[in-house]
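To keep things clear, I will list the structure first and then write my remarks on it.
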C-alpha cells in the first residue's frame, strides 16, 4: 500500500495560547482533508513552542558570567548562550560557533534546540517542555473536533556528526511505537535478524519535512497509509541510554 | 502538493549480473506503475550489492592476525572482521561487538556496512563500490526501458550515536541535489537563515523505508510529487568533511 504525505497549509501565525490540535483540525477541513483512523499528524516543535508560550524575549534575559565568557569565545549573543546553558543538562562540545549539548529532555543537539529562525525579531524559541505530552494534547484536541484520534509526532531539525545537512527527528510522539523491532524475526532467508530496530518515528519526521519545508509557512503534515504499531512510550524512548553512548 | 510513496514489489531474488534498472522497470509495469518525469526511484544497497556481485563467500576469506585478534575480543567471525577491516579506511570505535569505521567511500558506519542479513548462509554482502555510479546506471537502464530518466537514490540502514534505532541514509544519488540549501533565504519573518541545509536525500531514503521494510522482500520504492532540485554531486556530497568533524 502506498503512503501519502499531505502538507497542512493555512495554519497562519501561531500565537501563544492557540490550541494547536483545534487549529490543525480547522486547517485540515479548509484543505478538504478528513482525519481517518490510522492517520499520523506531524507538527514542528517551533509551532508547538509558539502555542505553548516558549518564546523568550531576549531583553529580559540576564546572561551569567559563564555565558558571557562562552559567548565572547563563540562570537554569539550572550543572552542566547544563557538560554542554551539553561536548557542543557550537559555541554558535550563547543566549536565553530556551535554548542552541542544534552538537553534536559536528554536529546543531544546543537544549541539545546534554542532557535531564532521563524520567530519575531528580539525573541528566541525554546523547545517544548514535555513534547510527548504536547503530542498527546494535540491528538486529544483533534479527536474532540473530528471524532478520530490520530497518532501525533512533533519534530525538530538536527544535524548528524558525520553527515552534511540536517534532517528532522521526532522529539514528541503520541500513539505510535517510535521503534519497530525486527529482532528475532526471520529475514527473507529465514535467518533471524539480530540487531535491527528501525526508528520509524524519525523516518516519519523526515518524510514529513519533505512537504513542510523551512520557508513555506507550513508547520504541519498528514501522513496516510503507514501501518504503524500502536504504542505509548513516547519519543523519549528514542534517546539512546547514556551507558550505550560510544561518543560522549 | 502531496507526496506519494509506492512500494515496488515482485522484484524477486536479485542474482549477480541482474540489470537492476531493467528489473525495476519490469516490476513497475507489473505493479501498474508508470515512471513519470520528476519521479524518484529508491533502491536498497543490498539489492545493488547482489546485482553487482558484491556477495563474498566466507569460506574463501583468510583472516589476518589482526582480524583474528579483534574477532576474539568481540566474539565475532574472524572472516567477517577481515572484510570489515578491508572495507575500512579507519577504525573509529570498537565496542559492544560493533566496529565503527570510516569506509573507503568515507561513510562512518557500523562494521563498514558489511552485512549478513538477507543474504544466503555462508555469505556476507559488501557495499557497492561506487554507489553514485550505481544509481546513475539504474537511472540509465530505466530510461532505456521507459523513456523517462528518474532520479535514483541507493540507501543503507545506519544507527546514530545518541538515538536508538536505525534509519535509512542515502549512500548513492543520481539526478537530484542531496542537500537543499536555505542559507541566505528569508524565513517567514524576513530574517535570513544562516545555517539551514537540509539533507533531503537522507529524508527521501528514510521516507522510502516506510514502505520497504526489512522482511517484506521489497528492496525498492517510487516517490512521486517531491519537487527536487536537479543536481549531480552525488551522495558523496553528504559526507561531512573531516575538518568539520567534532566527533572523530
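Chains as they are written, first to last, in my numbering: chain S, 993 to 1240; chain B, 993 to 1240. Each residue gets a CB set at the ideal place from its N, CA and C atoms; glycine is no exception. In this text, all values refer to a predicted model and were calculated from it rather than measured experimentally.
Going along chain B, which residues have a C-beta under 7 Å from residue i?
i: residue 1110 of chain S; result: 1179, 1180 and 1181
Comparing the C-beta of residue i with each C-beta of chain B, is any distance below 8 Å?
i: residue 1155 of chain S; result: yes
i: residue 973 of chain S; result: Nothing about residue 973 of chain S can be read from this structure; chain S reaches only from 993 to 1240.
i: residue 1064 of chain S; result: no
i: residue 1118 of chain S; result: no
According to DSSP, is residue i part of a helix, a strand, or is it coil?
i: residue 1104 of chain S; result: helix
i: residue 1194 of chain B; result: helix
i: residue 1086 of chain S; result: strand
i: residue 1200 of chain B; result: helix
i: residue 1189 of chain S; result: strand
i: residue 1213 of chain S; result: strand
i: residue 1109 of chain B; result: coil
i: residue 1148 of chain S; result: strand
i: residue 1028 of chain S; result: coil
i: residue 1018 of chain S; result: helix
i: residue 1046 of chain B; result: coil
i: residue 999 of chain S; result: strand
i: residue 1237 of chain B; result: coil
i: residue 1172 of chain S; result: strand
i: residue 1123 of chain B; result: helix
i: residue 1134 of chain S; result: helix
i: residue 1076 of chain B; result: helix
i: residue 1165 of chain B; result: strand
Label residue i either buried or exposed according to how many other C-beta atoms from any shown protein chain fall within 10 Å of its C-beta, with 16 as the threshold for buried.
i: residue 1067 of chain B; result: exposed
i: residue 1182 of chain B; result: exposed
i: residue 1178 of chain S; result: exposed
i: residue 1227 of chain B; result: buried
i: residue 993 of chain B; result: exposed
i: residue 1161 of chain B; result: buried
i: residue 1049 of chain B; result: exposed
i: residue 1057 of chain B; result: exposed
i: residue 1203 of chain S; result: buried
i: residue 1141 of chain S; result: buried
i: residue 1211 of chain B; result: buried
i: residue 1026 of chain S; result: exposed
i: residue 965 of chain S; result: Within the shown structure, residues of chain S are numbered from 993 to 1240, placing residue 965 of chain S beyond reach of any answer.
i: residue 1044 of chain S; result: buried
i: residue 1155 of chain B; result: buried
i: residue 1112 of chain S; result: exposed
i: residue 1071 of chain S; result: buried
i: residue 1075 of chain B; result: buried
i: residue 1201 of chain B; result: buried
Name the chain B residues whose beta carbon is nearer than 9 Å to that of residue i?
i: residue 1159 of chain S; result: 1159, 1190, 1191, 1192, 1194, 1195 and 1198
i: residue 1033 of chain S; result: Neighbours of residue 1033 of chain S on chain B: none; closest Cβ ~14 Å, over 9 Å.
Can you confirm whether residue i, when its beta carbon is compared against all beta carbons of chain S, has any partner nearer than 8 Å?
i: residue 1171 of chain B; result: yes
i: residue 1267 of chain B; result: Since the first residue of chain B shown is 993 and the last is 1240, residue 1267 of chain B is not available in this structure.
i: residue 1071 of chain B; result: no
i: residue 998 of chain B; result: yes
i: residue 1130 of chain B; result: no
i: residue 1077 of chain B; result: no
i: residue 1050 of chain B; result: no
i: residue 1091 of chain B; result: no
i: residue 1135 of chain B; result: no
For residue i, go through chain S and note every residue whose CB falls closer than 8 Å to its CB, in chain order.
i: residue 1237 of chain B; result: 1153 and 1154
For residue i, go through chain S and note every residue whose CB falls closer than 7 Å to its CB, in chain order.
i: residue 1100 of chain B; result: 1154
List the residues of chain B that residue i touches, going by C-beta distances under 8 Å, in chain order.
i: residue 1202 of chain S; result: 995, 1192, 1195, 1196, 1199 and 1218
i: residue 1113 of chain S; result: 1181 and 1183
Can you check whether the C-beta of residue i is within less than 8 Å of a C-beta belonging to chain C?
i: residue 1127 of chain B; result: Included in the structure are the protein chains S and B, with no chain C among them.
### Query
Listed in chain order, which residues of the stretch 1001-1030 of chain S have Cβ atoms closer than 9 Å to some Cβ of chain B?
Contact annotation: in the stretch 1001-1030 of chain S, residues whose CB is within less than 9 Å of a CB in chain B are 1005.
#### Entry: Residues of the stretch 1210-1232 of chain S whose Cβ lies closer than 8 Å to any Cβ of chain B, in chain order
The stretch 1210-1232 of chain S vs chain B, Cβ under 8 Å: 1218, 1229, 1230, 1231 and 1232.
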